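Participant: Chains as they are written, first to last, in full-length UniProt numbering: chain E, 1 to 208; chain D, 1 to 208. Quick reminder that beta carbons are idealized off the backbone N, C-alpha and C, glycines included. Remember, it's a predicted structure, so these values are computed and weren't measured experimentally.
1. Given residue 199 of chain D, which residues of its chain have a CB within under 8 Å of its CB, disregarding the five upstream and five downstream residues?
2. Would you give the residue range spanned by the beta strand (DSSP E) that residue 165 of chain E belongs to?
3. What residues in the segment 143-159 of chain D bring their beta carbon closer than 8 Å to a beta carbon of chain E?
4. Just checking: is the beta-carbon of residue 189 of chain E within a distance shorter than 8 Å of some beta-carbon in chain D?
5. Note down, one range per segment and in chain order, each beta strand (DSSP E) of at least 3 residues found wholly within the segment 123-194 of chain E.
6. Excluding the 5 residues flanking residue 190 of chain E on each side, which residues of the same chain have their C-beta closer than 8 Å to its C-beta?
7. Quick one: is residue 7 of chain D near chain E, going by C-beta distance under 8 Å?
8. Say whether the segment 162-175 of chain E touches the segment 117-133 of chain E, bearing in mind that this needs 3 or more beta-carbon pairs closer than 8 Å, one atom from each stretch.
9. So what's residue 25 of chain E in DSSP terms, helix, strand or just coil?
10. May I ask you to report which of helix, strand or coil DSSP gives residue 69 of chain D?
11. Using a beta-carbon distance below 8 Å, is residue 132 of chain E in contact with chain D?
12. Check this for me: beta carbons of residue 205 of chain D and residue 61 of chain E, under 8 Å apart or not?
13. Does the count of Cβ pairs from the segment 82-89 of chain D and the segment 108-126 of chain D closer than 8 Å reach three?
14. Using a 10 Å radius around the Cβ and a threshold of 16 neighbouring Cβ atoms, would you call residue 174 of chain E buried or exposed?
15. Check residue 41 of chain E in the structure and name its three-state DSSP category.
16. So, at 6 Å on beta carbons, what are the nonlocal neighbours of residue 71 of chain E in its own chain, with the 5 sequence-adjacent residues on each side left out?
17. In the DSSP assignment, find the unbroken beta strand (DSSP E) run with residue 95 of chain D in it and report its ends.
18. Closer than 7 Å by beta-carbon distance: list the chain D residues that pair up with residue 36 of chain E, in chain order.
19. Using beta carbons (cut-off 8 Å, strictly below), is residue 128 of chain E in contact with chain D?
20. Give the residues of chain E in contact with residue 161 of chain D, contact being defined as C-beta atoms less than 7 Å apart.
21. Do you know offhand how far residue 18 of chain D's Cα is from residue 11 of chain D's?
22. Give the DSSP bridge partners of residue 200 of chain E, in chain order.
23. At the 8 Å Cβ level, is residue 98 of chain D part of the contact set with chain E, yes or no?
Right, here's the structure in full:
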């Protein structure tokens, strides 16, 4: 049995109501002040978990609204992931390209990595010209930029020239400062606590 | 046309290969050292965007693996969201309960909020006893705890007593220190840059 709510005291009730009424006024004014609608350039970076995961959460939200979306994975190879399997139920709305060859320390071959990134970028650049795509996820593009596998200026130009209402999510650690400058929304995922440090392994359904 | 990869210099090629070989050795040793498999208590907190979104990304990953999952939304009311609409395609795997009455500043009624949270908690507690659920998302539970709408000790006891392989994701700002202590994985979503500050409004397919 749960304890009785503190709210049974009428004075506290009134204080709560007044506080929340003030909060609502601030909130409503804030909402009313925002009028711009535009395609957002969103960056998920930082050392914590959740960068790619949150990008696929956004994808889910978009397809739930019946919008078309594209995904290009720059680093990850063709291994099968839970999110890939799940999004097969949305093949009518999602175009998915896994173009990487695996992590750079797996291939150990810079030329091969660069070639894979260039191929992925060609697919991504084509998506950034299509106004039927409401959302484009460029997964781990930050890694490709960080290792100079792709020319930053060309990537930034293509992002800037995309259709006005197209949303783009770029993921990966160590986002380039110029990309952060260009972005509308940057979330830094900080690893406050990570189970790998406690000896827990990567598990199906959580990490992949 | 993209510039020729820097990797055409054989010396640089060799250095890259050696560096990545060292990195791979470290990486492989790290992976080998992690042997524990367990249900994770995951907390997404912080002021940035992506807390709930990343939780639904994890849900997508889990259902992609054919696992069953449950969702309880403690604060959000019954308004329709993109993720809710999308996950209807997984009604065979996902049980979804939106139990809130809206944000606390919308209801302005503490007793009503507490009652809604208690009702939501009863559903959540039942999920935390079921070993057929691989993942349970407790969306905005942190808010309910922060306002003392639920007794923290009872919530922590139920989390600790859940099936050993069940993963739980708790979202919301201002996670309680005791919850962070109990968690296996805590990601703090930091708002490095937010488009609301630039006058951009909440848009369908991105915010909801």
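Facilitator: So, to answer that:
1. none
2. Looking at the DSSP string, residue 165 of chain E is not in any beta strand (DSSP E), and its letter there is neither H nor E.
3. 148, 149, 150, 151 and 154
4. yes
5. 135-139, 167-171 and 185-193
6. 46, 47 and 48
7. Bear in mind that the predicted position of residue 7 of chain D carries a pLDDT of just 47, short of 50, making it too unreliable to give a figure here.
8. yes
9. helix
10. strand
11. no
12. yes
13. no
14. exposed
15. strand
16. 96 and 137
17. 94-98
18. 199, 200 and 201
19. no
20. The premise fails here: residue 161 of chain D is roughly 17 Å from chain E at the closest Cβ pair, so nothing lies under 7 Å.
21. 11 Å
22. D/36
23. no
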